[in-house]
Amino acid sequence: MSQSDLDLRSLDLTDPATFIENDVHEFWRGVRAERPVYWHEPTDRNPGFWVVSRYADIQSLFHNAALTSVRGNVLDVVLRGDDSAGGSMLAVTDGPRHRRLRNVLFSAFTPRVLGEVVEKVQQRTTELVSTVVGLDTFDFAAEVAEQIPMNTICDLLSIPLADRKNLLQWNKMALSSGHADGTELDALSARNEIVLYFMELAQERRDDPGSDVISMLATAEVEDRPLTLEELAVNCYSLILGGDETSRISAICAVLALIENPDQWRALQTGKASFESAAEEIIRWSTPGIHLARTAVEDLELHGETIRKGDIVTLWNISANNDESVFDEPRRFNVSRSPNKHLSFGHGPHYCLGAFLGRAELRALLSALVDHVGRMELRGTPRPIYSNFLTGYESLPVHFERR
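Each residue of the sequence shown is one higher than the one before, starting from 6 at the first, in my numbering.
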């Protein structure tokens, strides 16, 4: 489909299948050029909302006090009404309370505190990659990518080893599905399981605190009072979801992109590109979290459109990270790209707490691949995930030839 034939409003952005069955990058090119802000018409099941696509607008709106995240920051949630975690979970809290809660959480995510965790990431990644090298065919998603971020965030939270498999399964269902027929009930059930799990664990840590992040949260005060068990649980839910999904999907997309772009793989192998710049390009290229949602708390004007108080506004990072005015040849995978100021981790007050850890996980993966793998080969069709919030793959059948 050429851009001239593209109806800028033809794609239903609430439907997960949209992002599997269409060339969304072509769609976003047209939107950025012709209608950078437009009203997404209501569907049979959902109200309408504003769509913002250009990098400069999205970056600016991340700072704009006329928009709030308290009603929810994911389209599926905010379309159904207010987020039940609004004002309790960091990601859906604004103003002074957001700053105070962020300060408490930030103390657990500084590079100094994360030093030991990063060492474990490097060790675990090296072991996982060295184990699969030489196997005939294996699923990189299951054997490597799923094992790194979940275990990393679980190490940080001191989650018992026996509980991690269930948490991973719930996580994978909470915001996406491996099948086109995944239901909202499945996702809601998974989210509830995670929250209930953390309420029980938070009570245990409050009764018998250790040195982990949950214990720190359970014994901290925000606005001169301890967090409730519900507040503890939803913030742990946010940490485990954010800490797993983005890094897992980025790792899968990294291997696929390097297989499909052998010149970029060689650039890494020969040291012509750094692991640092490659990690940034992978995060931009994959953009696992494709949008963030906000709600207007006052009227504002943007590109001649009037956004009214109460309107839902969606900020499409997947479009911003491919904006031609910011990124030269954005759909060219370039591990040496610089500058690379993508918006995958957000911007401003809600900049992702786990950004340092996510980057460290990707650098560790790239280092392990270069050290142990000579050639990578795709051995089947990657299976995409179905979501209107996450984009990436559920499985990736590959072969790694030993270096």
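Glycine included, each C-beta is placed from N, C-alpha and C at the ideal position.
Please return the same chain residues whose Cβ sits closer than 6 Å to the Cβ of residue i, not counting the five positions on each side in sequence.
| i | result |
| --- | --- |
| Leu307 | Val42 |
| Ala278 | Ala272, Val340, Ser341 |
| His352 | Gln64, Phe67 |
| Phe32 | Leu16 |
| Val218 | Ala113, Leu161, Leu162 |
| Trp224 | Going by the sequence as given, residue 224 is Thr instead of Trp. Taken in chain order, the residues that qualify are Pro214. |
So, at 8 Å on beta carbons, what are the nonlocal neighbours of residue i in its own chain, with the 5 sequence-adjacent residues on each side left out?
| i | result |
| --- | --- |
| Val57 | Pro41, Val42, Ile63, Leu66, Leu307, Val318, Thr319, Leu320, Trp321 |
| Met381 | Val260, Leu263, Ile264, Trp270, Leu374, Val403, His404, Phe405, Glu406 |
| Thr4 | The structure shown does not extend to residue 4, since the chain is modelled only from 6 through 408, so no value can be given for it. |
| Glu310 | Val42, Tyr43, Trp44, Trp55 |
Here's a check: name, in chain order, each residue in its chain whose Cβ is nearer than 7 Å to the Cβ of residue i, leaving out the five neighbours to either side.
| i | result |
| --- | --- |
| Gly82 | The sequence shown places Val at residue 82, not Gly. Closer than 7 Å at Cβ, skipping near neighbours: Asp88. |
| Ile257 | Phe145, Ala146, Ala150, Gly397, Tyr398, Leu401 |
| Ala283 | Leu273, Val340, Leu371 |
Between the Cα of residue i and the Cα atoms of the options, which residue gives the shortest distance?
| i | options | result |
| --- | --- | --- |
| Trp55 | Glu121, Gly385, Leu172, Ala298 | Ala298 |
| Thr292 | Arg407, Gly309, Phe338, Ser349 | Ser349 |
| Gln128 | Leu401, Arg368, Phe394 | Arg368 |
| Arg76 | Arg85, Asn266, Gly359 | Arg85 |
| Glu46 | Asn27, Ser282, Thr19, His30 | Thr19 |
| Glu124 | Ile153, Ala96, Trp44, Leu234 | Ile153 |
| Gly53 | Ser343, Pro354, Pro231, Thr300 | Thr300 |
| Ile287 | Leu232, Lys346, Pro231 | Lys346 |
| Ala360 | Thr130, Thr224, Arg289 | Arg289 |
| His377 | Thr130, Met94, Ser343 | Thr130 |
| Val126 | Arg364, Lys314, Arg313, Ala223 | Arg364 |
| Ala167 | Asp191, Tyr202, Val138 | Tyr202 |
| Asp229 | Val109, Ile164, Phe280 | Val109 |
| Gly247 | Leu362, Pro387, Ala22, Glu235 | Leu362 |
| Ala325 | Thr23, Ala22, Ile25, Val29 | Val29 |
| Asp304 | Asp191, Ala71, Leu395 | Ala71 |
| Ala38 | Leu395, Tyr60, Ala96 | Tyr60 |
| Glu26 | Arg408, Tyr391, Leu395 | Tyr391 |
| Asn266 | Met94, Val134, Glu236, Arg336 | Arg336 |
Which of the three DSSP states, helix, strand or coil, is assigned to residue i?
| i | result |
| --- | --- |
| Thr292 | coil |
| Gly215 | coil |
| Phe405 | strand |
| Ala207 | helix |
| Val340 | coil |
| Trp321 | coil |
| His308 | coil |
| Thr130 | helix |
| Ser194 | helix |
| Met6 | At Met6 the pLDDT is 35, less than 50, meaning the model places this residue with poor confidence; the figure from the coordinates comes in the next sentence. Residue state, collapsed to three classes: coil. |
| Thr19 | coil |
| Ala365 | helix |
| Ser74 | coil |
| Ala225 | coil |
| Leu80 | helix |
| His347 | coil |
| Arg380 | strand |
Along the chain, where does the beta strand (DSSP E) containing residue i start, and where does it finish?
| i | result |
| --- | --- |
| Val56 | 54–57 |
| Arg50 | Per DSSP, Arg50 belongs to no beta strand (DSSP E) and is neither H nor E. |
| Leu297 | 297–301 |
Could you check where the alpha helix (DSSP H) with residue i kicks off and where it finishes?
| i | result |
| --- | --- |
| Gly276 | Unbroken run through Gly276: none, as it is neither H nor E. |
| Gly100 | 100–111 |
| Met94 | No alpha helix (DSSP H) contains Met94, which DSSP labels as neither H nor E. |
| Gly247 | 234–265 |
| Ser392 | Looking at the DSSP string, Ser392 is not in any alpha helix (DSSP H), and its letter there is neither H nor E. |
| Ala146 | Here Ala146 belongs to no alpha helix (DSSP H), and DSSP marks it neither H nor E. |
| Glu39 | 29–39 |
| Ser65 | 60–66 |
Kindly say whether residue i, judged by its beta-carbon, lies nearer than 8 Å to any beta-carbon of chain D.
| i | result |
| --- | --- |
| Gly35 | In the displayed structure, chain D is absent; only one protein chain is listed. |
Three CB pairs or more closer than 8 Å across the region 141–157 and the region 88–108 = no
Are the region 229–242 and the region 200–210 touching, with three or more C-beta to C-beta distances below 8 Å?
-> yes
Given 8 Å, three or more beta-carbon pairs between the region 325–338 and the region 106–117 | no
Is the region 166–183 close to the region 247–254, with three or more CB pairs under 8 Å?
-> yes
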